[in-house]
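**Student:** The sequence shown begins at 18 in this note's numbering and counts up one residue at a time. Mind having a look at this structure? Questions to follow.
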Amino acid sequence: MRAICIFITVMLFGWTTFASADSLNEAIADQVDAVTERVVAWRRDIHAHPELSNREFRTSALVAEHLRSLGIDVQTGVAHTGVIGVLKGGKPGPVIALRADMDGLPVTEKTGLPYASTVRGEYQGREVGVMHACGHDNHVAILMGAAEVLASVKEDLPGTVKFLFQPAEEGPPKGENGGAKMMIAEGALQNPAVDAVIGLHISQGEEVGRASVRPLGLMASAQRFDVEIMGSQTHGARPWAGVDPIVVGAQIVNGLQTIVSRQVDITQHPVVVTVGQFEAGVRNNIVPETARLSGTIRTFDPDVRGQVHEKIRRVVTQVAESQGATATIDIDPGVPVTFNDAALTSQLSPTLEAIYGAEHVSEPARITGAEDFSFFQEQVPGFFFFIGGRPADLPASKAIPNHSPYFYVDEGALPLGVHAMSRLASDYLRAGAE
Ligand SMILES: [Zn+2]
Ligand SMILES: [Zn+2]
């Protein structure tokens with residue numbers, strides 16, 4: 018803990034170096050300083066009381082009460098438990114949205130932290146431990162802090178800040194809707210209409226005090242696909258009397274391998290096509306009637322995603338046809354590319370560099386995981402960045418991945434996150450008002 022305190026002190030001292038003569042920026046830095054202790058307390062409280070997707074009742078009540086105490090207009094119950102706050106600045110200007118996801122995961126915490134979760138819950142009919150194993154507790158506390166910072170300088174803000182506290186980023190429970198897509202359907206980006214949206218994610222992928230952002234495709238678009246192959250059942254000793262869907266399925270699996278290796282410009286576009294399930298048959302000497310495949314598709318460019326889907330459909334249906342079978346394929350809408358608008362990214366990256374120091378901001382490799390912030394970015398230009406949460410004394414090779422029961426972050430990341438979100442919003446509004 019002491020190392021963290023020293024780190025925070027160093028960073029706070031650092032800010033005075035970065036701050037220009039600009040009085041709004043100085044006021045923001047002062048307010049970040051003033052709110053940091055409470056942000057840490059909020060985060061520990063939320064961490065100790067994690068809630069599963071679409072069940073973020075306590076968290077959303079905490080958020081709503083805090084926003085109301087700041088004089089921010091609050092709407093609750095958006096996409097089940099989501100909270101939207103609207104802070105009107107003292108001058109006219111654009112509308113910027115800041116987003117934080119609120120849900121925990123069905124993971125039993127093993128960190129041994131004094132504020133570790135002991136919460137149990139129910140997930141898909143099973144009793145589970147519940148933990149903020151993806152760090153969303155940090156995201157909520159950071160955005161609560163940024164709301165307080167921005168509310169304190171609202172008279173000087175040209176435009177409006179919209180706070181989006183989102184449920185169910187990890188995906189709603191089976192049979193329910195939720196997440197960013199549902200917030201958008203319920204009008205989260207309207208009234209007032211949002212011009213751009215900003216979000217962040219914490220991880221141990223980087224050391225505390227560092228941030229990273231990448232223009233264009235940052236995290237993958239992900240779709241599930243399901244293939245059903247219809248053959249004709251026969252005795253295993255007389256395959257010519259039927260159509261073998263297992264052999265057809267095997268050829269489809271092989272055909273799908275040629276999409277990435279032969280049909281995509283790999284110098285420009287990383288693509289993943291994985292078949293994770295292949296089910297057919299009940300007995301060794303029966304050629305079954307049907308076979309089923311399912312898998313996942315990952316792409317980083319909306320156009321390439323469409324092309325890859327078309328190629329997959331073609332392989333599936335035409336390989337089946339060539340063997341006298343038929344096949345149907347269903348590709349779910351999935352999650353879009355977490356796609357950072359190029360112009361917005363070059364506009365806002367200098368702000369990130371001002372807060373973290375240019376030498377502490379880097380461009381990460383693409384991530385084949387997905388993030389539902391991408392639904393917001395499909396509607397309006399968006400900026401999604403990562404903040405480091407790995408303690409300085411932990412080597413990169415020992416970094417603990419998100420979703421691990423041992424996941425934890427260095428709290429020195431919190432004031433930096435509050436400062437970044439606050440300044441990104443105010444810098445965006447000021448640039449738009451000029
Ligand atoms: Zn996660
Ligand atoms: Zn997450």
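Here a beta-carbon is modelled for each residue, glycine too, at the ideal position from N, C-alpha and C. The structure presented is a predicted model; accordingly, all values stated were derived computationally and were not measured.
(1) Quick check: the stretch 362-373 against the stretch 406-417, are there 3 or more CB pairs under 8 Å?
(2) Sorry if obvious, but does the Cβ on Asn419 come closer than 8 Å to a heavy atom of ligand 1?
(3) Look up Met119 in the DSSP assignment and say whether it is helix, strand or coil.
(4) Does any heavy atom of ligand 2 sit closer than 8 Å to the C-beta of Asp62?
(5) Applying the 10 Å Cβ sphere with the 16-neighbour rule, what's the burial state of Met199?
(6) Under a three-way DSSP split, which group does Asp410 fall into?
(7) How far does the alpha helix (DSSP H) with Val166 in it reach, from first residue to last?
(8) Our contact map puts Ala46 next to His436 with C-beta atoms below 8 Å; I'd like the distance itself, whole angstroms only.
(9) Any heavy atom of ligand 2 closer than 8 Å to the Cβ of Asp118?
(10) In chain order, what residues of the same chain lie with their CB nearer than 6 Å to the CB of Thr53, ignoring the 5 residues before and after it?
(11) Buried or exposed, going by whether 16 or more other CB atoms sit within 10 Å of the CB of Ala38?
(12) Based on the DSSP output, what are the partners of Phe401 in its beta bridges?
(13) Once the 5 residues before and after Phe400 are set aside, which same chain residues still bring their CB inside 8 Å of it?
(14) Asp320: which of Asp282, Asn419 and Glu126 sits nearest, CA to CA?
(15) Taking DSSP as the reference, what is the three-state secondary structure of Phe242?
(16) Hey, would you say the C-beta of Leu122 is under 8 Å away from at least one heavy atom of ligand 1?
(17) Please state whether the Cβ-Cβ distance between Pro175 and Val112 is less than 9 Å.
(18) CA-CA distance, Ser278 and Lys328?
(19) Give the straight-line distance between the Cα atoms of Pro256 and Ile263, rounded to the nearest whole angstrom.
(20) Can you determine whether any heavy atom of ligand 1 sits closer than 8 Å to the C-beta of Glu203, and answer yes or no?
(21) Run through the DSSP bridge pairs and tell me what Lys179 is partnered with.
(22) Just to confirm, is the Cβ distance from Val136 to Pro67 under 9 Å?
(23) Please state the DSSP three-state secondary structure of Asn301.
(24) Go through its chain and collect everything with a Cβ distance to Asp389's Cβ below 6 Å, but skip five positions before and after it.
**Tutor:** Concretely, from the data shown:
(1) no
(2) yes
(3) coil
(4) no
(5) buried
(6) coil
(7) His153 to Ser169
(8) 7 Å
(9) yes
(10) Pro432
(11) Low local confidence applies: a pLDDT of 48 at Ala38 is under 50, so the model's placement there is unreliable, with the coordinate-based value given in what follows. Label assigned to Ala38: exposed.
(12) Gly216
(13) Ala213, Val214, Ile215, Gly216, Val230, Asn357, Asp358, Leu361, Thr362, Leu365 and Leu441
(14) Asp282
(15) strand
(16) yes
(17) no
(18) 13 Å
(19) 11 Å
(20) no
(21) Val103 and Ala114
(22) yes
(23) coil
(24) Glu186, Gly196, Ala197 and Val352
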